[in-house]
Amino acid sequence: MSREIHFFIGKGGVGKSTTSALTAVHLAHKGYNTLLCSMDPAHNQRDIFDRHFYEKPKQVNRNLAVKEVDADYWISKYLKETEVQIKKVYSYQSAFNIQNYFNILKYSPGLEEYALLLAFENILDTAKDRDFIIFDMAPTALTMRFFSLPFITLVWLKELLKLRKNIYTKKEIISKIKLGRKEIEQDKVKAKLEELINDNQHLQEYFTARETKINLVVNNDRLSFSEAVRTKQKLTKIGIPINRVVVNKVQNNEITESLRAEFNDYKMTLFPLASGGLLGLETLQLYLDKNQNVLNDLP
Amino acid sequence: MRSRAVGTIEYEVEELDNIFGIMVLGAFIGIPSPPIQITMELFPLMEKELNIMLAKVLTAHDPLGDLFSELDID
Numbered sequence: 002m003s004r005e006i007h008f009f010i011g012k013g014g015v016g017k018s019t020t021s022a023l024t025a026v027h028l029a030h031k032g033y034n035t036l037l038c039s040m041d042p043a044h045n046q047r048d049i050f051d052r053h054f055y056e057k058p059k060q061v062n063r064n065l066a067v068k069e070v071d072a073d074y075w076i077s078k079y080l081k082e083t084e085v086q087i088k089k090v091y092s093y094q095s096a097f098n099i100q101n102y103f104n105i106l107k108y109s110p111g112l113e114e115y116a117l118l119l120a121f122e123n124i125l126d127t128a129k130d131r132d133f134i135i136f137d138m139a140p141t142a143l144t145m146r147f148f149s150l151p152f153i154t155l156v157w158l159k160e161l162l163k164l165r166k167n168i169y170t171k172k173e174i175i176s177k178i179k180l181g182r183k184e185i186e187q188d189k190v191k192a193k194l195e196e197l198i199n200d201n202q203h204l205q206e207y208f209t210a211r212e213t214k215i216n217l218v219v220n221n222d223r224l225s226f227s228e229a230v231r232t233k234q235k236l237t238k239i240g241i242p243i244n245r246v247v248v249n250k251v252q253n254n255e256i257t258e259s260l261r262a263e264f265n266d267y268k269m270t271l272f273p274l275a276s277g278g279l280l281g282l283e284t285l286q287l288y289l290d291k292n293q294n295v296l297n298d299l300p
Numbered sequence: 047m048r049s050r051a052v053g054t055i056e057y058e059v060e061e062l063d064n065i066f067g068i069m070v071l072g073a074f075i076g077i078p079s080p081p082i083q084i085t086m087e088l089f090p091l092m093e094k095e096l097n098i099m100l101a102k103v104l105t106a107h108d109p110l111g112d113l114f115s116e117l118d119i120d
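Chains as they are written, first to last, in my numbering: chain A, 2 to 300; chain B, 47 to 120.
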């Protein structure tokens with residue numbers, strides 16, 4: 002089978018961490034090589050499994066590994082690489098002054114979701130042998146910025162490339178008249194723009210691929226419901242389909258009429274409310290044993 | 047003679063380079079910028095555009111004079 006990627010998204014506190022952990026434990030129990038990645042800076046997985054996790058995946062049982070994405074690590078790694086690149090390329094005099102400009106960039110908003118994208122790409126590259134990768138995402142706001150970043154970036158990149166091509170053509174004309182030849186030095190900026198367009202298109206393809214499943218987690222309450230409706234609209238706008246609606250903390254197998262009506266066309270998974278909370282691998286497994294039919298539609 | 051012939055195009059290209067610089071590196075002179083990673087990725091390759099952009103900011107009080115001298119108008 003090809004590798005499946007599951008994102009668990011939703012409002013803060015609805016149970017993204019718990020339901021993603023349960024799903025991961027279920028799949029590992031069925032014998033699938035599963036990686037659970039915590040992308041939420043709050044990192045609840047360490048509380049659920051009651052142990053520390055790091056960038057490097059840690060096996061919690063034979064088929065299940067857990068990792069915590071450290072956004073700060075990715076930001077500083079990225080800044081360091083960019084800084085080295087600047088020092089290498091700029092002339093000595095301006096490299097000296099450029100430090101000031103670079104320091105401004107360091108505190109720009111938007112770096113956090115970009116760091117998450119870098120981490121995401123890295124996970125896809127390094128976890129090739131896994132059958133399932135489960136992403137426990139941050140609350141809606143950051144997650145939506147994460148999903149829409151390639152989309153927005155591409156709009157910019159395509160405009161910039163148009164302008165750059167225009168500049169390049171004019172430079173060719175100048176070179177031809179002045180020096181009698183058309184070839185000019187290869188435009189590194191144009192090449193970089195094309196490379197970035199390629200990268201972002203790949204990411205967008207990952208988000209919309211058939212092997213990528215978006216699990217929207219909600220509760221039986223008005224607030225999480227209305228946020229879920231908005232999330233659905235926003236994701237639809239950027240062409241990312243929701244695969245399944247996960248209703249957590251369900252009592253007596255009942256969900257509200259509005260929830261049923263709004264998500265009528267979607268697969269639905271109902272997780273019954275667990276008394277006393279779900280902490281520890283054994284407790285998760287016990288819960289799954291007790292509620293065996295919950296994840297019926299998964300392998 | 048040849049260099050005179052393309053003087054206007056060269057001026058135009060410099061203006062376009064400046065516009066490109068502002069679009070990518072505008073944050074440095076107070077203009078809203080694109081998603082930050084675009085700036086980050088292109089910044090190392092845009093020394094020339096940065097210098098043009100900064101020079102243009104310095105002569106910004108007299109853009110017409112700049113244009114007239116390029117067009118040889120006294």
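All C-beta atoms in this analysis are idealised placements derived from N, C-alpha and C, irrespective of residue type, glycine included.
Here DSSP, grouped into helix, strand and coil, assigns A:F103 to helix. In the DSSP assignment, A:A66 falls within the unbroken beta strand (DSSP E) covering L65 to E69. A:S276 counts as exposed, since fewer than 16 other beta carbons sit within 10 angstroms of its beta carbon. By the rule that beta-carbons nearer than 7 Å mark a contact, B:L88 touches chain A. Annotated as proximal: A:K172 and B:V59, with beta-carbon spacing under 7 Å. Residue range T35 to S39 is occupied by the beta strand (DSSP E) that includes A:L36. Taking A:V248 as reference, the option from A:V190, A:K233, A:G240 and A:N216 with the minimal CA-CA separation is A:N216.
Taking a beta-carbon distance threshold of 7 Å, B:I77 does not count as an interface residue toward chain A.
Rounded to whole angstroms, the Cβ separation of A:E5 and A:E212 is 5 Å, and the two are in contact under 8 Å. Flagged as an interface residue toward chain B: A:K189, by a C-beta distance shorter than 7 Å. Annotation for A:K166: K191 place their beta carbon closer than 8 Å to its own, counting only its chain and skipping 5 residues before and after. Under the three-state reduction of DSSP output, A:Q234 falls in the helix class. If you draw a 10 Å sphere on the C-beta of A:R52, you find fewer than 16 other C-beta atoms in it, and that means exposed. The shortest CA-to-CA distance from A:L80 to any of A:F103, A:V90, A:S92 and A:A66 is the one to A:F103.
Taken atom to atom, the span from the alpha-carbon of A:I241 to that of A:K57 is near 29 Å. Residue burial annotation: B:I77 is exposed, with fewer than 16 other C-beta atoms found within 10 angstroms of its C-beta.
By DSSP's assignment, A:I10 forms a beta bridge with A:L217. Taking a Cβ-Cβ cut-off of 8 Å, the neighbours of B:M92 in chain A comprise V190, given in sequence order.
Only buried fits A:E114, as 16 or more other CB atoms lie within 10 angstroms of its CB. Under a criterion of Cβ atoms nearer than 8 Å, the residues of chain B adjacent to A:V90 are, in order, P90, L91 and E93. When Cβ-Cβ separations below 7 Å define contact, B:I84 makes contact with chain A. When beta bridges are read from the DSSP output, A:M269 appears opposite A:V246. Sequence-distant partners of A:I10 (beyond 5 residues in either direction) whose C-beta falls short of 8 Å from its own C-beta, in its chain, are K17, M138, T141, T144, I215, N216, L217, V218 and T232.
Note that the C-beta distance between A:V70 and A:A120 is below 7 Å. Where A:F133 is concerned, the enclosing beta strand (DSSP E) starts and stops at F133 to D137.
Sequence-distant partners of A:I76 (beyond 5 residues in either direction) whose C-beta falls short of 6 Å from its own C-beta, in its chain, are L112 and A116. In terms of CA proximity to A:R131, A:L28 leads the group A:Y288, A:L28 and A:A262. In the structure shown, A:Q86 adopts helical secondary structure according to DSSP, grouped into three states.
Around A:S109, the beta-carbon contacts reaching into chain B at under 9 Å are A73, S79, I82, T85 and M86. Among the residues facing chain B, A:T83 is included, as its CB has a counterpart in that chain under 7 Å away.
Interface with chain B (7 Å Cβ-Cβ cutoff): A:K172 is included. B:L104 and A:T127 have their alpha carbons spaced roughly 48 Å apart. Taking a Cβ-Cβ cut-off of 7 Å, the neighbours of B:I55 in chain A comprise K171, I174 and I175, given in sequence order. Collapsing the DSSP output to three states places B:V52 in coil. Proximity of B:V103 to chain A, defined by a Cβ-Cβ separation below 7 Å, is not satisfied.
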